[in-house]
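Under the numbering used here, read the sequence shown as residues 348 to 757, first letter to last.
Below is one structure, written out as structure tokens; the observations come after it.
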Amino acid sequence: MNRTRSTKWILWVLAAVWSSVILPSLTFGEEAKSPTSKLGPLWQRIGNDVQVQVREHFVKHNASMLSAYRPVIEQARQSTVRIVQDDSQLALGVIISRDGYILTKASELAGQEVTVELPDGERVQGKIRDKSDSWDLALVRIETEHANFTPAVWADSESMSTGSLVASTGTSPLPISIGTLSVATRPLTKAFLGIIMDPEPNGGVRIRQVQEGSAASKAGIQVDDVVVAIDQDDVTEIIDLASKIGGRRPGESVTVKLKRGADVIEITVVLGERNISSQTDEATGVLGISLSKNRSGYPSVMQTDMFLRPEDCGGPVVDLDGKIVGLNIARVDRIATYAIPGNELQTMLDVDENNQITFARPIDVLQDEYEKAQMDLREKMKAMEASMDQLKSHERALERARARESNRRP
């Protein structure tokens, strides 16, 4: 206990020094006058093409900070693997069971078979057993007969407050990156219609622009259409439309009543989600920062300021107690990385009576399947009862025929 408190105290002191002394001295390009160096594990994730120059004492303090985390992340490191292809890392993964189930980022993988590098450097084969499209996660099972792995020890991610210190682990003794929780757990899946609006003097909202590929575009909404109602609720100004769409989720349908010239028509729109990828790509491309291909649409995330490469996603986020509070899922922009909260990870999996693990399906889907199975069983039982009645009828007819045959014999 004393050692844990001591480690926490040291990390907080180093963090304070880091933020007040080190960060202000970070300089770029030709402005750096003192001896320079390529950045270490914390900052080098910006990209290989970016040459960032820093004062020498930043490098020293950076090494001190990373070394201070070494005992903190050791337990989580034993539950971390690399998903590799030849000499390239595709993603990181988190071991979740002693018999070798792993969670990792699905969109970074190709095919159903993967090579898994364990914390000790040994490479083994694994197969993708299940996927979750909404979370962009793959469930991999290591193919080995001698499974006795170290599963992740989870912490309550809801107890994390903004500003909490966190680290990302790989398979090496030092963390890949350290930082803070910048935004607490929040949903990302808000519905998006894909229009730019102007107020209409006579009531309603006039469509000034329709975003290509958006929900509005796919439904056939056009420029200069005037929206007058959503699901029979009148729309008199922009805020009415925004509030009626903002409370929905992607995939939900709404009926849009609009005026098009002299006609009044109704269109059913399946709502989508906002796509910020192109804007973010343009903003970060000049810096040479690599971003995750799939970085939006997750049901909920927490946001950190840790610097990661896309191939560093899939690995654990660790708190100061060394417990895993989340799984890095996407490098989003220059200063943001998304992680799936640990509480979500603990509830999204289903373990059956044979210890086979899959992603849990929604309870309403399971309820529908259960009720359908009940109906199918009832129909089969009715059919079986009818077959039994028919069989008994045949049996009685056969008995009568045998009796008649017996009576005819002398």
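C-beta atoms are modelled at their ideal positions from N, C-alpha and C, and glycine is treated no differently.
field: Whole-number beta carbon distance between Ser515 and Pro522, since they are thought to touch under 8 Å
entry: 6 Å
query: When you compare only the Cα positions, how much space is there between Asn641 and Asp736?
result: 59 Å
task: Starting from the N-terminal side, write out each stretch of the alpha helix (DSSP H) that is 4 residues or longer and does not extend beyond the stretch 558-626.
output: Here the runs fully enclosed are 562-566 and 585-593.
- prompt: Under the three-state reduction of DSSP, which class applies to Leu450: helix, strand or coil?
  reply: Strand at Leu450.
message: Let's test the definition: count the other Cβ atoms within 10 Å of the Cβ of Asp483 and tell me whether it reaches 16, buried, or not, exposed.
response: buried
C-alpha distance - Ser637 paired with Gln579, whole-angstrom precision: Ser637 and Gln579: Cα-Cα distance of roughly 45 Å.
- request: Starting from Pro663, follow the beta strand (DSSP E) in both directions and report where the run begins and ends.
  value: Pro663 to Val665
- prompt: Going by beta carbon distance, what residues of the same chain come within less than 6 Å of Leu713, once the five residues before and after it are set aside?
  reply: Around Leu713: no qualifying Cβ.
field: Per-residue DSSP class, three states only, for Tyr717
entry: helix
message: Between which residues of its own chain and Leu618 is the CB-CB distance below 8 Å, once the five residues before and five after are set aside?
response: Ala538, Phe539, Leu540, Ala562, Ile592, Arg595, Arg596, Pro597, Gly598, Glu599, Ser600 and Val601
message: Is it the case that the stretch 450-467 contacts the stretch 543-557, given that we only count it when at least three CB pairs across the two stretches are under 8 Å?
response: no
message: Measuring only the C-alpha atoms, how far is Arg725 from Thr705?
response: 29 Å
field: First and last residue of the uninterrupted alpha helix (DSSP H) at Pro418
entry: Arg417 to Arg424
query: How is Trp390 classed by DSSP in three states: helix, strand or coil?
result: Only weak support is given to the placement of Trp390: the predicted model assigns it a pLDDT of 42, under 50, and the value that follows is read from those uncertain coordinates. Taken through DSSP and simplified to helix, strand or coil, Trp390 comes out as coil.
- request: Could you tell me which of Asp503, Gln432 and Ala494 sits nearest to Gln693, measuring between CA atoms?
  value: Asp503
field: Where Glu716 falls, given that 16 or more other Cβ within 10 Å makes a residue buried
entry: exposed
query: When the Cα atoms are used, what is the spatial distance from Ser508 to Asp587?
result: 34 Å
Whole runs of the beta strand (DSSP E) within the stretch 634-704, excluding any shorter than 3 residues: 648-651, 663-665, 671-680, 683-688 and 696-698
task: Leaving out five residues on either side along the sequence, give the residues of the same chain with a beta carbon under 8 Å from the beta carbon of Ser444.
output: Phe496, Pro498, Asn702 and Ile704
- prompt: By DSSP, does Glu469 sit in helix, in strand, or in coil?
  reply: coil
- request: Tell whether a beta-carbon distance below 8 Å holds between Val428 and Leu465.
  value: In this structure, Leu465 lies closer than 8 Å to Val428 by Cβ.
Residue from Ile577, Leu674, Asp668 and Ala707 whose Cα sits closest to the Cα of Glu658: Leu674
message: With H, G and I counted as helix, E and B as strand and the rest as coil, what does DSSP make of Ala457?
response: coil
message: Need the endpoints of the beta strand (DSSP E) that Ala485 sits in, please.
response: Leu484 to Ile489
message: Our contact map puts Gly608 next to Leu439 with C-beta atoms below 8 Å; I'd like the distance itself, whole angstroms only.
response: Rounded, the Cβ-Cβ distance is 56 Å, inconsistent with contact.
message: Using the three-state DSSP reduction, which class does Thr532 fall into: helix, strand or coil?
response: strand
message: Just to check my reading of the structure: Leu655 and Ser524 have Cβ atoms closer than 8 Å, yes? What is that Cβ distance to the nearest angstrom?
response: About 6 Å separates the two Cβ atoms, so the contact holds.
task: State the start and end residues of the unbroken beta strand (DSSP E) segment that holds Arg445.
output: Premise fails: Arg445 is in no beta strand (DSSP E) and is neither H nor E.
message: Output needed for Gln472: all residues of its chain with C-beta closer than 6 Å, excluding positions within five of it in sequence on either side, in chain order.
response: Glu490
message: Using only the alpha-carbon positions, how far apart do Arg476 and Ala485 sit?
response: 8 Å
message: If the criterion is Cβ atoms closer than 8 Å, does the pair Val574 and Leu605 meet it?
response: With respect to Leu605, Val574 sits close: the two C-beta atoms are nearer than 8 Å.
Gly387 to Ser411 span [Cα, whole Å]: Per-residue confidence for Gly387 stands at a pLDDT of 43, beneath the threshold of 50, marking its modelled position as unreliable; no derived number is given.
field: Local conformation of Val500 per DSSP, three classes
entry: coil
- request: Please classify Pro371: does DSSP put it in a helix, a strand, or coil?
  value: Unreliable positioning characterises Pro371 in this predicted model, as indicated by a pLDDT of 39, which lies under 50. A coordinate reading is not provided.
query: How close, in whole Å, do the beta carbons of Lys474 and Gln459 come, if the pair is a contact with beta carbons under 8 Å?
result: 6 Å
query: Nearest CA to the CA of Val679: which residue from Gly669, Lys729, Met695 and Cys660?
result: Cys660
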